[in-house]
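Colleague: Would you mind keeping the following structure in view while I ask a few things?
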Amino acid sequence: HSKYGIYVCKYADVCIRHASVRRTWEGNVVIKMIVFKIVEGKQTAALVRKGPKLQPIAPTAQFTSHCSVITPKETDDLEKQFDQSQIFLYEFEGREAIKRPHHCLPYAIVSLIQDGSQWPSNFDD
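Structure follows, in structure tokens:
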């Protein structure tokens, strides 16, 4: 990951499933998700670069965000959906990228508690 900018997941359901699958402990699960208000601005499409030897795509001058050129599909595995749902937000001040972009504002923190073996399929469960 780049040291300048921030990655956010576009789809909450993908983010929640990804977090619950990656857990390594037993018992109740609490997932805290931060909801952001973002302004994507001038966006450029990029291929997902994943792997220990691959360098992340650096912030691109004249743009304010990168998104995946490939839209995630319901039939893709969860890891692929998560990777293709990322938006990389960044900002330039003059010729230098800054660490924290101003167009990504925390809006709410949502806590999800799973006390059974699976997540409810709707809010009535």
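The UniProt record's numbering puts the first residue of the sequence shown at 1, with every later residue one more than the last. Positions of the beta carbon are idealized from the N, C-alpha and C atoms, including for glycine.
Does the beta-carbon distance from residue 8 to residue 57 come in below 9 Å?
Modeller: As a first step, residue 8 is located in the sequence shown; it is residue number 8 there, counting from the start. As a first step, residue 57 is located in the sequence shown; it is residue number 57 there, counting from the start. It is not a contact, given that the beta carbons lie outside the stated cut-off.
Colleague: Going by beta-carbon coordinates alone, are residue 89 and residue 71 separated by less than 9 Å?
Modeller: Here residue 89 is taken as the residue at index 89 of the sequence shown, counted from 1. Here residue 71 is taken as the residue at index 71 of the sequence shown, counted from 1. Not in contact: residue 89 and residue 71 (Cβ atoms no closer than 9 Å).
Colleague: Output the boundary residues of the alpha helix (DSSP H) element that contains residue 32.
Modeller: To locate residue 32, count along the sequence shown from 1; it is residue 32. No alpha helix (DSSP H) holds residue 32; the beta strand (DSSP E) holding it covers 29 to 38.
Colleague: If I follow the unbroken alpha helix (DSSP H) through residue 18, where does it start and stop?
Modeller: Here residue 18 refers to the residue found at position 18 of the sequence shown. Element bounds for residue 18: 12 to 21.
Colleague: What do you get for residue 106, buried or exposed, if any count of 16 or more other CB atoms within 10 angstroms of its CB means buried?
Modeller: Within the sequence shown, numbered from 1, the residue matching residue 106 stands at position 106. Residue 106 should be labelled exposed.
Colleague: Classify residue 82 as helix, strand or coil using the three-state DSSP reduction.
Modeller: Walking along the sequence shown from the start, residue 82 turns up at place 82. In this structure, residue 82 counts as helix in the three-state DSSP scheme.
Colleague: With H, G and I counted as helix, E and B as strand and the rest as coil, what does DSSP make of residue 43?
Modeller: Counting from 1 along the sequence shown, the entry for residue 43 is found at position 43. Residue 43 falls in the strand class under three-state DSSP.
Colleague: Given that a residue counts as buried once 16 or more other Cβ atoms are within 10 Å of its Cβ, and exposed if not, what is residue 111?
Modeller: Within the sequence shown, numbered from 1, the residue matching residue 111 stands at position 111. So residue 111 counts as exposed.
Colleague: Give me the DSSP bridge partner(s) of residue 7.
Modeller: Position 7 of the sequence shown, counting from 1, holds the residue named residue 7. For residue 7, which the question treats as bridged, DSSP gives the partners 88.
Colleague: From which residue to which residue does the beta strand (DSSP E) around residue 62 run?
Modeller: Position 62 of the sequence shown, counted from the first residue, corresponds to residue 62. It is not in any beta strand (DSSP E) - residue 62 carries neither H nor E in the DSSP assignment.
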